[in-house]
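Asks: I have a structure here, written as structure tokens, and I will follow up with some questions on it.
2 protein chains.
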Amino acid sequence: MKITYKGDYSLKVILELACSYPDKLIHIEEISRKQDIPRKFLEQILLNLKRGGFLISKKGAKGGYSLARAPRDITLGEVVRYIEGSVYPISCIDCDTPSPCNEISSCVFAPVWRTVGDSISTIIDGVNFETLKEDYLLRKNGYIPDFQI
Amino acid sequence: MKITYKGDYSLKVILELACSYPDKLIHIEEISRKQDIPRKFLEQILLNLKRGGFLISKKGAKGGYSLARAPRDITLGEVVRYIEGSVYPISCIDCDTPSPCNEISSCVFAPVWRTVGDSISTIIDGVNFETLKEDYLLRKNGYIPDFQI
DNA sequence: GAATAATATATTATTTTTTTGTAGAAAGTA
DNA sequence: TACTTTCTACAAAAAAATAATATATTATTC
Chain S
555 MKITYKGDYS LKVILELACS YPDKLIHIEE ISRKQDIPRK FLEQILLNLK
605 RGGFLISKKG AKGGYSLARA PRDITLGEVV RYIEGSVYPI SCIDCDTPSP
655 CNEISSCVFA PVWRTVGDSI STIIDGVNFE TLKEDYLLRK NGYIPDFQI
Chain A
555 MKITYKGDYS LKVILELACS YPDKLIHIEE ISRKQDIPRK FLEQILLNLK
605 RGGFLISKKG AKGGYSLARA PRDITLGEVV RYIEGSVYPI SCIDCDTPSP
655 CNEISSCVFA PVWRTVGDSI STIIDGVNFE TLKEDYLLRK NGYIPDFQI
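For the record, the sequence lines run as chains S and A.
Residue numbers for the first sequence, in the numbering used here: 555 to 703.
Residue numbers for the second sequence, in the numbering used here: 555 to 703.
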């Protein structure tokens, strides 16, 4: 039930780019440094996010990455679902070609997992990157103590 | 965000044993056959569930496994948390000795993950194995036996 | 004592995740 | 054009987590 590094990194990338939206193009090296993500791994992640329609890029000198949409129009939910796949804890619920399952015992738990998945979606769909960015900038400037510890 | 086989198997084991609670001891081979779980893997799972206080066992001929408590007193939530660990999607929220995290960007997401984890817990803590068992037997046999506990 | 079944520990196998490497294509700059 | 920077693609190695198997031991019943 954990978020992977790939997912975690992806969220940080979008958060970072949200901070310079809409003007600047940020290049890989800078994102890698600021968010402490391995350079080559980050390249894959950026490419993947671009395919998902979250980023745009510009090649060549002075090139780099930028958000494809306004931070307010990107929700945590759509990014997580794109990167991590379904939020349902079992796979039989929402796959495109659900095979008729002959395990009755699994079906007993399925409604619970459906409820869980729906609940997760509701929560993360309600969070957008404009909000997250504002929170991020406040924390960076020292106005809000770090969460938890 | 998926349940592992270990977790899935564990839930099926408890569901199966709930059906013969409180009288009978069921031995590994029978559980393995009925719920289609690899025999040796199942041994580990049963041992683990026993350590967690969910099962009791008896060695030797006529030995086997049984639930340690009534199905109604075992919730889906406590089993899942025992087997899969925390339901929080990131680890820094509820570990015993949380190290002060110096990644501000992670802290921006943390409150969301806390909400998600809390929501998951609320849902799965509300489901007990008596309910699941009744549903299971209904699906399997089309009626609920009259010797309910 | 023989058969049965749980217990313990170790090891192998498989899959997924994370990371790195090499090569090339596109775009900007001088 | 030559050159540099940066994105793009594919491959593959390294690491970690998961799933499954093997061997030997201990306890119980008959």
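Glycine is no exception: its CB is placed at the ideal position from the N, C-alpha and C atoms.
No experiment lies behind these values; they were computed from the predicted model shown.
Just to confirm the assignment, what range does the beta strand (DSSP E) spanning Thr-618/A have?
Replies: According to the sequence shown, residue 618/A is Gly rather than Thr. 618-621 is the extent of the beta strand (DSSP E) around Gly-618/A.
Asks: Once DSSP output is grouped into helix, strand and coil, what is the label at Ser-611/S?
Replies: strand
Asks: Tell me the rounded alpha-carbon separation between Lys-530/A and Ile-568/A.
Replies: Because chain A here runs from 555 to 703, residue 530/A falls outside it and cannot be looked at.
Asks: Can you tell me which of Ala-624/A, Ala-572/A, Leu-565/A, Leu-579/A puts its alpha carbon nearest to the alpha carbon of Asn-602/A?
Replies: Nearest of Ala-624/A, Ala-572/A, Leu-565/A, Leu-579/A to Asn-602/A, Cα basis: Leu-565/A.
Asks: Buried or exposed for Glu-570/S, going by 16 or more other Cβ atoms inside 10 Å?
Replies: buried
Asks: Listed in chain order, which residues of the segment 611-642 of chain A have Cβ atoms closer than 7 Å to some Cβ of chain S?
Replies: Leu-630, Glu-638, Val-641
Asks: How about Val-634/A and Ile-557/A: are their beta carbons less than 9 Å apart?
Replies: yes
Asks: So with Cβ pairs under 9 Å, would you call Leu-609/A a contact of chain S?
Replies: Not an interface residue.
Asks: Name the two residues that bound the continuous alpha helix (DSSP H) containing Asn-602/S.
Replies: 593-605
Asks: Sorry if obvious, but does the Cβ on Arg-605/A come closer than 8 Å to a heavy atom of the ligand HEM?
Replies: Among the components of this structure there are no ligands whatsoever, and the ligand HEM is therefore not found.
Asks: For a contact meaning CB atoms closer than 8 Å, what does Lys-578/S contact in chain A?
Replies: Within 8 Å Cβ-Cβ: nothing; Lys-578/S doesn't reach chain A, min ~18 Å.
Asks: Check whether chain S comes within 9 Å of Ser-660/A, counting only Cβ atoms and requiring the distance to be less than that.
Replies: yes
Asks: I need the DSSP call for Asn-695/S, collapsed to helix, strand or coil.
Replies: coil
Asks: If we cut at 9 Å on Cβ distances, does Glu-570/A have a partner in chain S?
Replies: Interface criterion met: the Cβ of Glu-570/A is under 9 Å from a Cβ in chain S.
Asks: Tell me whether the beta-carbon of Tyr-690/A lies closer than 9 Å to the beta-carbon of Ser-659/S.
Replies: yes
Asks: Using C-beta distances below 8 Å, list every residue in its chain close to Thr-629/S, excluding the 5 sequence neighbours before and after it, in chain order.
Replies: Ile-678, Asp-679, Gly-680, Val-681, Asn-682, Phe-683
Asks: Which residues of chain S have a Cβ atom closer than 7 Å to the Cβ of Lys-566/A, listed in chain order?
Replies: Ser-659
Asks: How big is the Cα-Cα spacing for Glu-584/A and Glu-584/S?
Replies: 59 Å
Asks: Which stretch, first to last residue, makes up the alpha helix (DSSP H) that contains Ser-564/A?
Replies: 559-574
Asks: In three-state terms, what does DSSP make of Ile-628/A?
Replies: coil
Asks: Where does Ile-580/S fall in DSSP's three states?
Replies: strand
Asks: Between Gly-617/A and Asp-590/A, what straight-line distance do the alpha-carbon atoms span, to the nearest angstrom?
Replies: If you take the alpha carbons of Gly-617/A and Asp-590/A, they lie about 20 Å apart.
Asks: Quick one: is Ser-574/S near chain A, going by C-beta distance under 9 Å?
Replies: No, Ser-574/S does not count as interfacial toward chain A.
Asks: For Tyr-619/A and Ile-580/A, which I take to be in contact (beta-carbon distance under 8 Å), what is that distance rounded to the nearest angstrom?
Replies: 6 Å
Asks: Which residues, in chain order, does the segment 667-682 of chain S contribute to contact with chain A at a C-beta distance below 7 Å?
Replies: Thr-669, Val-670, Ser-673, Ile-674, Ile-677, Ile-678, Val-681
Asks: Do Ile-610/S and Leu-621/S have their beta-carbon atoms positioned less than 9 Å apart in this structure?
Replies: yes
Asks: Which whole-angstrom value is the C-beta distance of Ile-674/A and Lys-560/A, which I expect to be below 8 Å?
Replies: Not really, about 18 Å apart at Cβ, beyond 8 Å.
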